[in-house]
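**Student:**
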């Protein structure tokens, strides 16, 4: 692909008036119908790659404002602005002194989301039971909903071909964590009735009040709002598109097999320095509010509204690049930086393409704008770490919800890294490790207690449920000879070894105290005091014991 720079075209080497027809701006491509055929014209196949593109930038100009429909106008004074904001956490963010992974996820997914999921799922179950009296269903609690979502995150970490395989008793395929937390039939029942909105207020397609995103309820707006208000991006921002994998047939599904695959198209505005998703919008089909400037112009205009007049530099791909958008953004105090295809530049005499790299002739070195484009557009790779669920046969809105929940996890992990960096700490958790810790904390703090058949033993799973109620001490069973047995305490044993090791003391093989008592529910040996209380009330009980026994 040839390397071109069209900055000179917009800055004086070619005269362009607001009323001119631009030879490299194809009006047909800005319409919804033509955008579908454009998917087939892409030169890249398979996984999307960031190209060393032809770059386009603009300093100042004047152009008509965006008009018509519900698309917001891009207004401004027509002057370039210096970056005037301070990127980072917003003033509304409140975190504890030693925040855990779940604290960052709570910034993205507030408690109201779990509450809404629980209420709408129970309502849909009641409506279903009214029409099917023979069916049986027990109401879902908010604690159970949190546990259900935690297991969905865990399924993205541990891959199985089918959902039922997570509860398999086969010695090769067994994953004891899942059956120790929730019964298979209960999980599948919650998944069946899982709902986000009230069906009573739904209007079918063709109705004047039809809303394609109705099935996502208020949760869609809640997550988009928390993404926006928690973190303010830095100087560099970017707009890109992706896909929510889905092979069903809603009327707004987009097929782009050569680039992303098949599914629901989604648009994101991200902080180009770390990949944090600040704005998110699902494509809901061609609506009446489409302006004359085209769908992609409208998409960028909507996403960038909160960041106009503040001196940001906006980066985007070639499918959004147009002189009209450059002018409108510049008038609103926002610089733009994008790529453009060669076929749109072929008629401009002032554009001189470079040589191909595989040619033996002189090679044009990459320009700084191209390097900057590659650097900031590649930041979108961080926001594409959403876990892949193996639940293929789901409604589109369930797929969309799990995608947004996964995107919230990605944002939460990026926030943790930013927080650690700002406070001089090192974030040791990779994204998969961050997800694993969130699963543990969601389950351990939910208060959910598994009911039904006797739980098969799993030490890791039982430790997650130790913070729930109804735990009692009981004597460890005697040996066959009638002798009392004792075991090292689960709290003070490891805690004492850790303290001595960290302070350079000799570590005995059996540090801590021996106890003849154990928790009947957790099946771990514990001292009567203080270990019994610490184990069932403190998330980090070893740290709490060390602080209690060695305050200095």
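Residue numbers (the numbering used here): 854 to 1405. For every residue, glycine included, the Cβ atom is placed at its ideal position computed from N, Cα and C.
Just mark residue 1055 as buried or exposed, buried being the case when its beta carbon has 16 or more other beta carbons within 10 Å.
**Tutor:** By 1-based counting over the chain shown, the position of residue 1055 is 202. Flag for residue 1055 reads exposed.
**Student:** Under three-state DSSP, which class holds residue 1051?
**Tutor:** Position 198 of the chain shown, counted from the start, is the residue given in the question as residue 1051. For residue 1051, the secondary structure class from DSSP, reduced to helix, strand or coil, is coil.
**Student:** Here's a check: name, in chain order, each residue in its chain whose Cβ is nearer than 6 Å to the Cβ of residue 1077, leaving out the five neighbours to either side.
**Tutor:** Here residue 1077 corresponds to residue number 224 of the chain shown, with the count starting at 1. 1133.
**Student:** Determine whether the beta carbon atoms of residue 1191 and residue 1174 lie at a separation below 8 Å.
**Tutor:** As a position in the chain shown, residue 1191 is number 338, starting the count at 1. As a position in the chain shown, residue 1174 is number 321, starting the count at 1. Their beta carbons are under 8 Å apart, which means residue 1191 touches residue 1174 by this criterion.
**Student:** May I ask which residues mark the beginning and end of the alpha helix (DSSP H) holding residue 1078?
**Tutor:** One-based indexing of the chain shown puts residue 1078 at position 225. Start and end: 1070–1083.
**Student:** Could you check how far apart the C-beta atoms of residue 993 and residue 974 are, in whole angstroms? I think they sit under 8 Å.
**Tutor:** The residue given as residue 993 occupies position 140 in the chain shown. The residue given as residue 974 occupies position 121 in the chain shown. About 6 Å separates the two Cβ atoms, so the contact holds.
**Student:** Can you have a look at residue 1079 and say buried or exposed, based on whether 16 or more other CB atoms are within 10 angstroms of its CB?
**Tutor:** Taking the chain shown and counting its residues from 1, one reaches residue 1079 at position 226. Classification for residue 1079: buried.
**Student:** DSSP three-state label for residue 858, please.
**Tutor:** The residue labelled residue 858 in the question sits at position 5 within the chain shown. Because residue 858 carries a pLDDT of 35, less than 50, the predicted location of this residue cannot be relied on, and the following value inherits that uncertainty. It is a strand residue.
**Student:** My assumption, with CB atoms under 8 Å, is that residue 1250 sits in contact with residue 1068. Please give the rounded CB distance.
**Tutor:** Reading the chain shown from its first residue, position 397 is the one you call residue 1250. Reading the chain shown from its first residue, position 215 is the one you call residue 1068. At roughly 4 Å, the Cβ-Cβ gap stays under 8 Å, so residue 1250 and residue 1068 are in contact.
**Student:** Extract the residue ranges of the alpha helix (DSSP H) inside the segment 978–1014, only unbroken runs of 4 or more that lie entirely within it.
**Tutor:** 995–1010
**Student:** What do you get for residue 1381, buried or exposed, if any count of 16 or more other CB atoms within 10 angstroms of its CB means buried?
**Tutor:** Numbered from 1 along the chain shown, position 528 holds the residue referred to as residue 1381. Burial is judged here by how many other beta carbons sit within 10 angstroms of a residue's own beta carbon; residue 1381 has fewer than 16 and is exposed.
**Student:** Are residue 999 and residue 967 touching if we call contact CB-CB under 8 Å?
**Tutor:** Counting from 1 along the chain shown, the entry for residue 999 is found at position 146. Counting from 1 along the chain shown, the entry for residue 967 is found at position 114. It is a contact, given that the beta carbons lie within the stated cut-off.
**Student:** Based on the DSSP secondary-structure assignment, which residues constitute the bridge partners of residue 1188?
**Tutor:** To locate residue 1188, count along the chain shown from 1; it is residue 335. Looking at the DSSP output, residue 1188 bridges to 1166.
**Student:** By a C-beta neighbour count over all protein chains shown, 10 Å radius and 16 as the cutoff for buried, is residue 1355 buried or exposed?
**Tutor:** As a working note, residue 1355 is residue 502 in the chain shown. Result: exposed.
**Student:** For residue 1060, is the classification buried or exposed, using 16 other Cβ atoms within 10 angstroms of its Cβ as the cut-off for buried?
**Tutor:** Sequence index remark: in the chain shown, residue 1060 carries index 207 (1-based). The residue is exposed, with fewer than 16 neighbouring Cβ atoms inside 10 Å.
**Student:** Taking just the CA atoms, how far does residue 1021 sit from residue 1254?
**Tutor:** By one-based count along the chain shown, residue 1254 stands at place 401. By one-based count along the chain shown, residue 1021 stands at place 168. Our two residues, residue 1254 and residue 1021, have alpha carbons roughly 27 Å apart in a direct line.
**Student:** Taking the alpha-carbon positions, what's the residue 1154 to residue 1161 distance?
**Tutor:** Within the chain shown, numbered from 1, the residue matching residue 1154 stands at position 301. Within the chain shown, numbered from 1, the residue matching residue 1161 stands at position 308. About 10 Å.
**Student:** Which of the three DSSP states, helix, strand or coil, is assigned to residue 1090?
**Tutor:** Working through the chain shown from its first residue, we reach residue 1090 at position 237. Three-state DSSP puts residue 1090 in a strand.
**Student:** Assign residue 1194 to one of two classes, buried (16 or more other C-beta atoms within 10 Å of its C-beta) or exposed (fewer than that).
**Tutor:** Position 341 of the chain shown holds residue 1194. Answer is buried; the Cβ neighbour count reaches 16.
**Student:** For the candidate residues 954, 1039 and 1074, whose alpha-carbon lies nearest to that of residue 1050?
**Tutor:** For the purposes of this step, residue 1050 is identified with residue 197 of the chain shown, where counting begins at 1. The shortest C-alpha separation from residue 1050 is found at 1074.
**Student:** Three-state secondary structure (DSSP) at residue 1368?
**Tutor:** As a working note, residue 1368 is residue 515 in the chain shown. If DSSP states are grouped into helix, strand and coil, residue 1368 belongs with the strands.
**Student:** Can you tell which of 1100, 1148 and 1165 has its C-alpha closest to the C-alpha of residue 1123?
**Tutor:** Locating residue 1123 in the chain shown gives position 270, counting from the first residue. Of the candidates 1100, 1148 and 1165, the one whose C-alpha sits nearest the C-alpha of residue 1123 is 1165.
**Student:** Cutting at 6 Å between CB atoms, please list the residues of its own chain near residue 1329, excluding the five before and the five after it.
**Tutor:** Position 476 of the chain shown, counted from the start, is the residue given in the question as residue 1329. 1338, 1369 and 1371, listed in sequence order.
**Student:** Taking the CB atoms as reference points, tell me whether residue 942 and residue 1084 lie closer together than 8 Å.
**Tutor:** For the purposes of this step, residue 942 is identified with residue 89 of the chain shown, where counting begins at 1. For the purposes of this step, residue 1084 is identified with residue 231 of the chain shown, where counting begins at 1. Contact flag set, yes.
**Student:** So if DSSP puts residue 1326 in a beta bridge, which residue, or which two residues, is it bridged to?
**Tutor:** Counting from 1 along the chain shown, the entry for residue 1326 is found at position 473. The partner list for residue 1326 (beta bridge, DSSP) reads 1372.
**Student:** For residue 1223, name the three-state secondary structure that DSSP assigns.
**Tutor:** As a first step, residue 1223 must be located in the chain shown, where it is residue number 370. When secondary structure is reduced to three states using DSSP, residue 1223 falls in the helix class.
**Student:** So, at 7 Å on beta carbons, what are the nonlocal neighbours of residue 1171 in its own chain, with the 5 sequence-adjacent residues on each side left out?
**Tutor:** Taking the chain shown and counting its residues from 1, the one referred to as residue 1171 is at position 318. Within the same chain, residue 1171 has close Cβ partners 906, 1191, 1192, 1193 and 1194.
**Student:** Mind checking residue 1184: buried by the 16 CB within 10 Å criterion, or exposed?
**Tutor:** Here residue 1184 is taken as the residue at index 331 of the chain shown, counted from 1. Answer is buried; the Cβ neighbour count reaches 16.
**Student:** Taking residue 1383 as the reference, which of 1147, 1376, 1373 and 1399 has the closest Cα?
**Tutor:** Counting from one through the chain shown, the residue named residue 1383 turns up at place 530. Ranking the options by Cα distance to residue 1383, first place goes to 1399.
**Student:** For the beta strand (DSSP E) containing residue 1402, name the first residue and the last one.
**Tutor:** Locating residue 1402 in the chain shown gives position 549, counting from the first residue. Residue 1402 -> not in any beta strand (DSSP E); alpha helix (DSSP H) instead, spanning 1394–1402.
**Student:** Is the beta carbon of residue 1377 less than 8 Å from the beta carbon of residue 1343?
**Tutor:** Position 524 of the chain shown, counted from the first residue, corresponds to residue 1377. Position 490 of the chain shown, counted from the first residue, corresponds to residue 1343. The answer is yes: Cβ separation under 8 Å.
**Student:** If you follow the beta strand (DSSP E) that residue 1130 is part of, which residue opens it and which one closes it?
**Tutor:** Reading the chain shown from its first residue, position 277 is the one you call residue 1130. 1130–1135 is the extent of the beta strand (DSSP E) around residue 1130.
**Student:** Mapping DSSP to helix, strand and coil, what is residue 1358?
**Tutor:** What you label residue 1358 is simply residue 505 of the chain shown in a count that begins at 1. The three-state secondary structure of residue 1358, taken from DSSP, is coil.
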